[in-house]
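First the structure, in the form of structure tokens, and then the observations on it.
Numbering (this note's numbering), first residue to last: 22 to 370.
Have a look at this one:
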């Protein structure tokens, strides 16, 4: 092979310009992409078998998020989305679905059941326009049949799994837990998932609110300790992130799917403001890394390191870089910053 070609390839890798579909890199690996929906939800899971699940589809705004999700699906080598899982009928989670369905086929849809709030009619209708003929409403305890991984529903329609999983058990932090008021119905009916792949576990509870987190974790921590946790409420931790829940899970790595002015550090409507959202995450026992989709401008002095942040710009200039996790069955977890190509490797406990 000519030296000039080798040198060029090495230089391109150094600046993160050479990328290969995760499914083609190593057929024994799991890949998870956090697509930048700027404070919305869009988490793409690709099993070692090549099957996929997309949790939420971001905002409707100018088809920005559907295009970013489609780009991540192409990066992963996907021709279709096997399962679309909608956590709840809110615009930052359901808004992008109709446009996305025009870009890539969606085989099956998962939801928590029919809508109760008329205020969310538009987003329910958006979901039904794509999924009416292929939806399945799930309950806690159900499982999504993806080959090569275990994807369990731990919360849905206001209910939780009856028995602890993932070595969960009594939670001593509950004795001093602070309780907060109830949230709107959709955030209480959230579809929450726990993914297991060998030693690795990943928890995504969508926008589950503080009081419901405590129901899931007190007096019994039903989800155990997890390798990787995607923050609820996009890291807006006055309405979520109850310490008795967060610290009992002892996540090794946390991904915050925030925007520059939404989520991490932002106020939750009808909740008393609690500053230092990032600091609470960083203080979690056993934490090894906090990754953010955006540098938050709401509390600019409370962010993770820039090399663990996918996007530094405000929305007008945002390029929409993703964060990716590549996971081996032995528990080796490699996180990649889509902006820089920088990687960091952890090992599941």
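C-beta: ideal position from N, C-alpha, C; glycine also. In this text, all values refer to a predicted model and were calculated from it rather than measured experimentally.
Evaluate the contact criterion for the segment 128-136 versus the segment 99-107: three or more CB pairs, one atom per stretch, below 8 Å. yes
First and last residue of the uninterrupted alpha helix (DSSP H) at residue 345: Sequence index remark: in the chain shown, residue 345 carries index 324 (1-based). Note, residue 345: premise wrong, no alpha helix (DSSP H); beta strand (DSSP E) at 344-348.
Span separating the alpha-carbon of residue 268 from that of residue 238: Here residue 268 corresponds to residue number 247 of the chain shown, with the count starting at 1. Here residue 238 corresponds to residue number 217 of the chain shown, with the count starting at 1. Residue 268 and residue 238: Cα-Cα distance of roughly 10 Å.
Take residue 208 and list the residues in its own chain whose beta-carbon comes closer than 6 Å to its own, dropping the five residues that flank it on each side. The residue you call residue 208 lines up with position 187 of the chain shown. Excluding sequence neighbours, residue 208 sits near 228, 230.
Quick one: what does DSSP say residue 145 is sitting in, helix, strand or coil? Position 124 of the chain shown, counted from the first residue, corresponds to residue 145. Residue 145: helix per DSSP, three-state reduction.
At 4 residues or longer, and completely inside the segment 198-249: list those alpha helix (DSSP H) runs for me, N to C. 206-209, 231-238
Contact check, residue 224 vs residue 215, beta carbons under 7 Å: Position 203 of the chain shown, counting from 1, holds the residue named residue 224. Position 194 of the chain shown, counting from 1, holds the residue named residue 215. Going by C-beta atoms, residue 224 is nearer than 7 Å to residue 215.
Quick check: residue 51 and residue 93, are their CB atoms within less than 7 Å of each other? Position 30 of the chain shown, counted from the first residue, corresponds to residue 51. Position 72 of the chain shown, counted from the first residue, corresponds to residue 93. Cβ distance not < 7 Å, so residue 51 and residue 93 don't count as in contact.
Just verifying my parser: in three-state terms, what is the DSSP assignment at residue 371? Since the first residue shown for the chain is 22 and the last is 370, residue 371 is missing from the structure and cannot be characterised.
Quick check: what's the CA-CA separation for residue 243 versus residue 59? Here the question's residue 243 lines up with position 222 in the chain shown. Here the question's residue 59 lines up with position 38 in the chain shown. Approximately 30 Å, taken between the alpha carbons.
Closest Cα partner of residue 124 within the set 91, 153, 273: The residue labelled residue 124 in the question sits at position 103 within the chain shown. When only C-alpha atoms are compared, the closest one is 91.
In this structure, does DSSP put residue 320 in helix, strand or coil? Reading the chain shown from its first residue, position 299 is the one you call residue 320. Reduced to three states, the DSSP call for residue 320 is coil.
Spatial distance of residue 67 from residue 74 (CA atoms): Position 46 of the chain shown, counted from the first residue, corresponds to residue 67. Position 53 of the chain shown, counted from the first residue, corresponds to residue 74. Between residue 67 and residue 74, the C-alpha separation is close to 7 Å.
I believe residue 282 touches residue 319 by the beta-carbon criterion, under 8 Å. Please report the beta-carbon distance rounded to the nearest angstrom. Within the chain shown, residue 282 is the residue found at index 261, counting from 1. Within the chain shown, residue 319 is the residue found at index 298, counting from 1. That belief holds up - the Cβ atoms of residue 282 and residue 319 are roughly 6 Å apart, short of 8 Å.
So is residue 121 buried or exposed if we call it buried at 16+ other beta carbons inside 10 Å? Against the chain shown, residue 121 aligns to sequence position 100. Buried, by the Cβ-count rule.
Helix, strand or coil for residue 362, going by three-state DSSP, please let me know. Mapped onto the chain shown, residue 362 falls at position 341. Here residue 362 sits in coil by DSSP.
Determine the DSSP secondary structure at residue 137, reduced to helix, strand or coil. The sequence position of residue 137 within the chain shown is 116, counting from 1. Residue state, collapsed to three classes: coil.
Decide if residue 137 is buried, meaning its Cβ has at least 16 other Cβ atoms within 10 Å, or exposed. For the purposes of this step, residue 137 is taken as residue 116 along the chain shown, with counting starting at 1. When all chains shown are included, residue 137 counts as exposed.
Considering Cα atoms alone, identify which of 165, 169, 99, 150 is closest to residue 69. The count along the chain shown starts at 1 and reaches residue 69 at position 48. When each option's Cα is compared against that of residue 69, the closest is 169.
Which class does residue 374 belong to by DSSP, given the choice of helix, strand or coil? Since the first and last residues shown for the chain are 22 and 370, residue 374 lies out of range.
In angstroms with no decimal places, state the Cα-to-Cα distance between residue 27 and residue 247. Translated into the one-based positions of the chain shown, residue 27 becomes position 6. Translated into the one-based positions of the chain shown, residue 247 becomes position 226. Summary for residue 27: the model assigns pLDDT 35, below 50, so the residue's position carries little reliability, and this model does not support an answer.
Run of the alpha helix (DSSP H) containing residue 266, from where it starts to where it stops: Your numbering for residue 266 matches position 245 in the chain shown. That run of the alpha helix (DSSP H) goes 264-270.
In chain order, what residues of the same chain have a beta carbon less than 7 Å from the beta carbon of residue 259, not counting five sequence neighbours either side? Counting from 1 along the chain shown, the entry for residue 259 is found at position 238. Contacts found: 288, 289, 292, 293, 294, 295.
Under the rule that 16 or more other beta-carbon atoms within 10 Å means buried, what is residue 83, buried or exposed? Here the question's residue 83 lines up with position 62 in the chain shown. Classification of residue 83: exposed, given that the 10 Å Cβ count is below 16.
What residue from 63, 57, 367 has the CA that sits closest to residue 222's CA? For this step, residue 222 is matched to residue 201 along the chain shown. When each option's Cα is compared against that of residue 222, the closest is 367.
In angstroms, rounded to a whole number, what distance separates the CA positions of residue 211 and residue 193? Position 190 of the chain shown, counting from 1, holds the residue named residue 211. Position 172 of the chain shown, counting from 1, holds the residue named residue 193. Rounded to the nearest angstrom, the two C-alpha atoms are 25 Å apart.
Which same chain residues, not among the five before or five after residue 284, have their C-beta less than 6 Å away from its C-beta? Residue mapping note: residue 284 aligns to position 263 of the chain shown, counting from 1. Closer than 6 Å at the Cβ level, and outside the excluded window around residue 284, lie 60, 255, 256, 257.
Grouping DSSP H, G and I as helix and E and B as strand, with all else coil, what is residue 132? Here residue 132 corresponds to residue number 111 of the chain shown, with the count starting at 1. If DSSP states are grouped into helix, strand and coil, residue 132 belongs with the strands.
Environment of residue 95 [buried if 16+ CB atoms lie within 10 Å]: For the purposes of this step, residue 95 is taken as the residue at position 74 of the chain shown. Exposed is the call here.
Find out if the Cβ-Cβ distance for the pair residue 117, residue 146 is shorter than 7 Å. Here residue 117 refers to the residue found at position 96 when the chain shown is read from its first residue. Here residue 146 refers to the residue found at position 125 when the chain shown is read from its first residue. Cβ atoms of residue 117 and residue 146: not closer than 7 Å.
Which whole-angstrom value is the C-beta distance of residue 264 and residue 301, which I expect to be below 8 Å? Numbered from its first residue, the chain shown carries residue 264 at position 243. Numbered from its first residue, the chain shown carries residue 301 at position 280. Rounded, the Cβ-Cβ distance is 7 Å, consistent with contact.
Can you tell me where the alpha helix (DSSP H) with residue 156 in it begins and where it stops? Counting from one through the chain shown, the residue named residue 156 turns up at place 135. It is not in any alpha helix (DSSP H) - residue 156 instead sits in the beta strand (DSSP E) that spans 156-158.
Contacts around residue 180, its chain only, beta-carbon distance under 6 Å, and the 5 residues preceding and following it disregarded: Start at 1 with the first residue of the chain shown, and residue 180 comes out as number 159. Correct list, in chain order: 161.
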